[in-house]
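Heads up: the protein sequence lines correspond to chains B and D, in order.
For what it's worth, the working numbering labels the leading residue of the first sequence as 1, then goes sequentially.
For what it's worth, the working numbering labels the leading residue of the second sequence as 1, then goes sequentially.
Heads up, the thing below is written out as structure tokens.
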Amino acid sequence: MISLLQEAAHTAAEHTESVASSVAHGETETATGLPQLDLTSFGNQIFWLVVAMVVLYWIVAKVALPRIGAVLSDRQGAITGDLMAAEEFKLKAREAEAAYDKALADARAEAGKIVAANRAEIQKELDAAIAHADAEIAARATESERRIREIRDSADNDAREVARDVTAELVRAFGGVVDQAAVDQAVDSRMKGTLQ
Amino acid sequence: MATEAHGEATGLSFHPMDQFIVRPLFSDGPVHWYTPTNVTLWLFAIVLATLALLVLGTRGRAIVPNRSQSMAEMSYGMIHKMVGDIAGKDGLKYFPYIMTLFMFVLFANFLGLLPMAFTVTSHIAVTGFLALAVFLTVTVIGFVKNGAHFLDLFWVRSAPLAIRPVLAVIEVISYFVRPLSLSIRLAGNMIAGHAVIKVFAGFAALILINPGLGALVTPVSILAVVGMYAFEILVAFIQAYVFTILTCVYLKDALHPSH
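Printed below as a string of structure tokens:
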């Protein structure tokens, strides 16, 4: 490998000379072999590479990576914090929901109680009113029955009176002697069937 | 070269390797070790690109990131996870080094895809230096953390005793081939892709010289350039990823040498 590189260096060195002469003649510089094997440029490349790598390392290691690392850990922290806050809010929301449900159930129970109480009161009033109305209706019905009976009784009496008088008059008209007691009895017996 | 001979015959010029020449930036003189060259320029372009993505992109430090901050965080997350998953928790100490390596190779590969750009990772000098640095660092870490137990890496206890010496030889060879394969894989991928694009681009000029043949060849070669370019974007990322993940694997071997 090393002998190969040396050989390449020789040809490269010759090449550089020929290039220099061709440049002097005003021609453009061209590569005949691999410029990578031109050992004369190695020192230059490695020197500048080391300089550039030192600068690059400083930029990357001292400026860029700490900054990006800090940003990433900040973000991780922010995300963790936000997640914890979200968890807390979730718990709070759950508590609030439970409280709401409880309040709703309480209100419902209270409403039920009030409704039941109102219903009982109304029922009581209603019962009282119905009882009162029943009593009044019964009183009026009794009164009406009594009056109906009176009217019926008086109608019976009137009819009997009329029948007795008519019968007595009829007997008298036929020339009979009116026996008031017998007439009454006959009328009553006849009327038993028709009048109640 | 054969292609050049062919090129001269048809009037086309193929210079697929010219893009890899190291040139001084401000003069035509020789390249001394300190001379600012196109390598210097593009090395610092990589530094600036990394600065733009990782530092300027995150200047908002926002809890809800914007696009550039998302990309910076994504690269951070990807490499951080890679180091943690492969090298383990104790490997995270080396995360800044591996992140530096990844950003360097990634931007070197991507910036090299810009037209007229110079791809620093196409040079064995660069990839070889990086690979050797990784190899030496990891070996030193291995011995410092585990002492002589680091040699357990080569002594496969799960294998039958008889074949352990053979395995040890193989393991040692594969261990020392690591920097070579690491650097050649990266540089080779970059060289090949860029050179192929250049060759296709050379063919695309045929329509200027031979309109009849060029009418057929030029669209095909332009399509090929586009296709290769898309493929090279993929390769640029994959090679940066592979370089980094192999570094993590080597680090894991150094931290936990037992099989």
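Each residue gets a CB set at the ideal place from its N, CA and C atoms; glycine is no exception.
Taking a contact as a CB-CB distance under 8 Å, the pair Arg67 (chain B) and Arg61 (chain D) counts as one, their CB atoms being some 7 Å apart. No Cβ of chain B is located within less than 7 Å of the beta carbon of Ile98 (chain D). Near chain D, meaning a CB-to-CB distance below 7 Å, no residue of the region 99-131 of chain B qualifies.
Taking the beta carbon of Ser41 (chain B) as reference, the chain D residues within 9 Å of it are Ile21, Val22, Val31, Thr37, Val39, His123, Ala125, listed in sequence order.
Leu114 (chain D) and Leu130 (chain D) have their alpha carbons spaced roughly 23 Å apart. Val31 (chain D) and His256 (chain D) have their C-alpha atoms roughly 43 Å apart. For Val47 (chain D), the nearest CB of chain B lies under 7 Å from its own CB, placing it at the interface with that chain. Chain-ordered listing is empty here: chain D has no CB closer than 7 Å to the CB of Ala86 (chain B), the nearest sitting near 16 Å. Taking every protein chain shown into account, the CB of His15 (chain D) has 16 or more other CB atoms within 10 angstroms, so this residue is buried.
Looking at the backbone, the Cα of Leu65 (chain B) and that of Thr50 (chain D) are separated by about 12 Å. Closest option to Val63 (chain B), judged by alpha-carbon separation, among D:Thr100, D:Ser174, D:Ser27, D:Val169: D:Thr100.
Less than 7 Å separates the beta-carbon of Gln239 (chain D) from that of Leu186 (chain D). Distances from the alpha-carbon of Tyr76 (chain D) to those of D:Ser258, D:Thr244, D:Trp33 put D:Thr244 closest.
For Gln36 (chain B), the chain D residues whose Cβ falls inside 9 Å of its Cβ are Met17, Phe20, Ser122, His123, Ile124, Ala125, Ala187, Ile191, in order along the chain. Within the DSSP secondary-structure output, Pro24 (chain D) pairs in a beta bridge with D:Thr37. One alpha carbon belongs to Met53 (chain B), the other to Gly202 (chain D), and they sit about 35 Å apart.
Residue D:Val156 holds the alpha-carbon nearest to the alpha-carbon of Leu167 (chain D) among D:Tyr175, D:Phe176, D:Ala204, D:Val156. In this structure the region 78-90 of chain B does not touch the region 78-88 of chain D; the number of beta carbon pairs closer than 8 Å is below three. Proximity of Arg94 (chain B) to chain D, defined by a Cβ-Cβ separation below 7 Å, is not satisfied.
Residue range 42-57 is occupied by the alpha helix (DSSP H) that includes Val55 (chain B). Ile21 (chain D) is not a Cβ neighbour of Phe104 (chain D), given a cutoff of 7 Å.
Put simply, the region 206-220 of chain D does not touch the region 52-61 of chain D. Fewer than three CB pairs are less than 8 Å apart. Contact between Leu12 (chain D) and Leu25 (chain D) does not hold, since their C-beta atoms are separated by about 30 Å, which reaches or exceeds 8 Å.
Taking the Cβ atoms as the reference, Ala168 (chain B) lies roughly 5 Å from Val178 (chain B), within the contact range of under 8 Å. Scanning its chain for C-beta atoms nearer than 8 Å, with the 5 sequence neighbours on each side dropped, one finds around Glu232 (chain D) the residues Leu113, Gly193, His194, Ile197, in chain order.
Asp38 (chain B) carries a coil assignment under DSSP once its states are collapsed to helix, strand and coil. When the Cα atoms are used, Asp188 (chain B) and Glu161 (chain B) turn out to be separated by approximately 10 Å. The C-alpha of Asp82 (chain B) is placed about 27 Å away from the C-alpha of Leu54 (chain D). Chain-order list of chain B residues neighbouring Thr50 (chain D): Leu56, Ile59, Val60, Ala64, by C-beta distance under 9 Å. One Cα belongs to Arg140 (chain B), the other to Arg149 (chain B), and the distance between them is close to 14 Å.
When D:Glu171, D:Thr35, D:Ser158 are compared, the shortest CA-CA separation from Leu151 (chain D) is found for D:Glu171.
Residues of chain D whose Cβ lies closer than 9 Å to the Cβ of Phe89 (chain B) do not exist; the shortest such Cβ separation is about 20 Å.
With its beta carbon less than 7 Å from one in chain B, Glu73 (chain D) belongs to the interface. Neighbours of Val134 (chain D) in chain B, taken as residues whose beta carbon is under 8 Å from its own, are absent, since the nearest beta carbon is some 12 Å off. Not a single C-beta of chain B is nearer than 7 Å to the C-beta of Ile173 (chain D). Sorting D:Phe107, D:Asn38, D:Phe135 by C-alpha distance to the C-alpha of Leu180 (chain D) places D:Phe135 at the top.
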